[in-house]
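Participant: Starting off with a structure, shown below.
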Amino acid sequence: MAVTIGALNCRGLSEEVKRRDIFDRCNKKYDITILCDTHCTKERENKWRNEWGYQAYFCSFTGHSRGVAILLNNKFKVTVHKEYKHKEGNYLILDMTIHEYRITLAGIYGPNNDNPSFFSEVQEVISNIQNSSIIMAGDWNVVQDYEIDTLNYKTKNNVKAHTKLIEIKNSLDLVDVWRANNPDKKRYTWRGPEHKQSRLDYFLISTDFESLVNKSDIDISYRSDHSPVSLSLKFYNQERGRGTWKFQ
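If you count by the UniProt record's numbering, then the sequence shown holds residues 1 to 248, one letter each, in order.
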């Protein structure tokens, strides 16, 4: 069974026409959608969930900034065991089972203020869940390689957060799956003023999931200054626990 996950910084979905358009597009392209910078509030969640029409999980903040959502369609078997939400709307983490695979799925909207403590908190939450299989995606606001992942930058941004992110990758045994498949390629997911570009949006997955990857891509931008990123996984029938697994 193939499952495609998409992640997009949508730059706010308060406007209903844009929101419905993004929902429709994501439902057609992805089985799981991670949306960052949603501008959703707690009061709007039920309305947005009804508009989506399927399972939807929100970490909301204000109607003008931040917010993460994870949207699921009804094309595959999924059970969400528990949600973990950032109090300021920058991460949403689900402990879930997809087709017998117990995984931790994290939607990340990294602060753009060089805040390594945010990533330390994410690491602590994920470590405490104790699932061996991890998928993290979103707009990290941190590049992993200043040389190959940025264009027309005069200085290095968010250096402390960058150092912490690399530490987390090593500690949790995560891989940037797109970069692993494109070691020398220069492609960017964000376009800004003065012709700046950078690859701020990406997936980090646990190494035990690398063999399940069909494709990892940077998709065409749509109604945002960010490009969506996507990951397609092929799930097999198996018995799986929280930390160990075996094929049937």
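All C-beta atoms in this analysis are idealised placements derived from N, C-alpha and C, irrespective of residue type, glycine included.
#1: Got a sec? Which residues, its chain only, sit under 6 Å from C123 by beta carbon, not counting five neighbours each side?
#2: State the start and end residues of the unbroken beta strand (DSSP E) segment that holds T33.
#3: Given this structure, state the Cα-to-Cα distance separating D225 from L151, to the nearest angstrom.
#4: Hey, quick one: how far does the alpha helix (DSSP H) through F23 stretch, first residue to last?
#5: For D139, is the classification buried or exposed, using 16 other Cβ atoms within 10 angstroms of its Cβ as the cut-off for buried?
#6: Within 10 Å of its beta-carbon, does I220 have 16 or more other beta-carbons around it, so buried, or fewer, so exposed?
#7: Cutting at 6 Å between CB atoms, please list the residues of its own chain near T244, excluding the five before and the five after it.
#8: Does chain B have any CB closer than 8 Å to the CB of K75?
#9: Using only alpha-carbon positions, find the residue among V142, E147, P183 that is nearest to residue 251.
#10: Identify every residue that forms a DSSP beta bridge with residue 254.
#11: May I have the straight-line CA-CA distance separating L13 from Y91, to the nearest angstrom?
#12: Whole angstroms is fine: what's the gap from R179's alpha carbon to D217's?
Facilitator: The answer reads as follows:
#1: Here residue 123 is taken as the residue at index 123 of the sequence shown, counted from 1. A small correction: the amino acid at residue 123 is Gln; Cys does not occupy that position in the sequence shown. Closer than 6 Å at the Cβ level, and outside the excluded window around Q123, lie I168.
#2: Position 33 of the sequence shown, counting from 1, holds the residue named residue 33. Start and end: 32–36.
#3: Here residue 225 refers to the residue found at position 225 when the sequence shown is read from its first residue. Here residue 151 refers to the residue found at position 151 when the sequence shown is read from its first residue. Between D225 and L151, the C-alpha separation is close to 15 Å.
#4: For the purposes of this step, residue 23 is taken as residue 23 along the sequence shown, with counting starting at 1. Per DSSP, F23 belongs to the alpha helix (DSSP H) from 16–29.
#5: Here residue 139 is taken as the residue at index 139 of the sequence shown, counted from 1. Classification of D139: buried, given that the 10 Å Cβ count is 16 or more.
#6: Along the sequence shown, one-based indexing puts residue 220 at 220. Under this definition I220 is an exposed residue.
#7: Here residue 244 refers to the residue found at position 244 when the sequence shown is read from its first residue. Per-residue confidence for T244 stands at a pLDDT of 40, beneath the threshold of 50, marking its modelled position as unreliable; no derived number is given.
#8: This model lacks chain B altogether, as it is built from one protein chain only.
#9: This structure gives no information on residue 251, because the portion of the chain shown stretches from 1 to 248.
#10: Absent from the structure is residue 254, since the part of the chain shown begins at 1 and ends at 248.
#11: For the purposes of this step, residue 13 is identified with residue 13 of the sequence shown, where counting begins at 1. For the purposes of this step, residue 91 is identified with residue 91 of the sequence shown, where counting begins at 1. The straight-line gap from Cα to Cα measures roughly 17 Å.
#12: The residue given as residue 179 occupies position 179 in the sequence shown. The residue given as residue 217 occupies position 217 in the sequence shown. Roughly 10 Å between the two C-alpha positions.
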